[in-house]
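Below is one structure, written out as structure tokens, with a few remarks after it.
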Amino acid sequence: MGETPRLIATDIDGTLIRDDHTVSPRTADVLARISARGTPVVLVTGRPVRWLKMVYDQLAEPLPAVCANGAVVYDPFDDEVLRADPLAPQHLAEVARRLRAEVPGISFAVEILDSRQMRHEAHYPLRWDVDPDGIRAIETPEELLSVPAVKLLARAGEQDPDAFAELIATAVAGLAEATHSSSSGLVEISAAGVTKAAGLAWYCEQIGVSAADVVAFGDMPNDVPMLTWAGRGVAVANAHRAVLAVADEVTSTNSEDGVAAYLEKVFGVG
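The sequence shown maps to residues 2 to 271 in my numbering.
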């Protein structure tokens, strides 16, 4: 990669925003300055589209986003999904069948309608998401698997997140992708081939940017494909060991504005 990247890709939670879920004024200012110079900044996140507004409200302007771990590419200016790559109902059904056989007590939720809505089994624990319009429990088991889903979410009580993700990845190998970005035993399942790297690569191809000219920031296992794909992969200091292992460089922690600190040096802003 040359001295100055042509595109910046960053994860949100644990990377761009602080532990209190806020975007620091420093970070918002750095992103605004770099965007004003003409360098695209893209948010690449496990979050659904409906969770972006709380970040956009803290930025000078919305940023394009690759959501649901690569399954959805979103243009906030036109409120338009540019690309979606969901799990088809027949694949959802087979994934659920395999996992119910493998993990007693497993419960599921699905992100549907390009991650604008969620459906969940009655016993699936909702930990953060409160949106009475977009989220509801299913009435029949068939409803969970009846429409394409950009993400299948799986829980089975408190689990070691790494071990649980590995167990599920093994069970769905060849059929779907499994990853995680939480410390509470939540596994995120996408269609085969769908990763943050794949979603970002598609976006970059549309605007004529090669992987070699991308700098990417992340902190959790779902960021590993993106950091591996990008010409320069940067981990925040608080990152999971799997991310630190593949990163080309390490910046300071998310709560110390690690992304902003790195970009200030590379772009000469701040």
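Quick reminder that beta carbons are idealized off the backbone N, C-alpha and C, glycines included.
Subject >> Euclidean distance between Cα positions of W52 and R128 >> reply: The alpha-carbon atoms of W52 and R128 are separated by roughly 14 Å.
**OP:** Rounded to whole angstroms, what's the CA-CA distance from M2 to D134? Just pull it up for me.
**Re:** With a pLDDT of 45 at M2, under the threshold of 50, the modelled position of that residue is not reliable, and no figure is offered here.
Subject >> Proximity winner among R48, P87, P49 and P41, relative to P65 (alpha-carbon distances) >> reply: P41
Original post:
What is the DSSP secondary structure of D30, counted as helix, strand or coil?
Top reply: helix
Subject >> Neighbourhood of D258 by C-beta distance below 7 Å, restricted to the same chain and skipping five residues each side >> reply: These residues qualify, in order along the chain: S25, R27 and T28.
Original post:
Between Q91 and R120, what straight-line distance do the alpha-carbon atoms span, to the nearest angstrom?
Top reply: 17 Å
Original post:
Sorted by chain position, which residues of the same chain lie with C-beta nearer than 6 Å to V260's C-beta, five sequence neighbours on each side aside?
Top reply: T11, L17 and F218
Subject >> Sufficient close CB pairs (3 or more, under 8 Å) joining the stretch 146-158 to the stretch 103-123 >> reply: By the C-beta criterion, the stretch 146-158 is judged to be in contact with the stretch 103-123, since at least 3 inter-stretch pairs fall below 8 Å.
Original post:
Residues in its own chain within less than 8 Å of L238 by CB, not counting five upstream and five downstream?
Top reply: For clarity, residue 238 is Ala in the given sequence; the question names Leu instead. Cβ neighbours of A238 within its own chain (closer than 8 Å, five residues either side excluded): V251, T252, S253, T254, E257 and G259.
Subject >> F78 burial status per 10 Å Cβ neighbour count (16 or more: buried) >> reply: exposed
**OP:** Kindly indicate which three-state DSSP category Q207 falls into: helix, strand or coil?
**Re:** Q207: helix per DSSP, three-state reduction.
**OP:** Compute the distance between the beta-carbons of V151 and V244, then report whether it is under 7 Å.
**Re:** no
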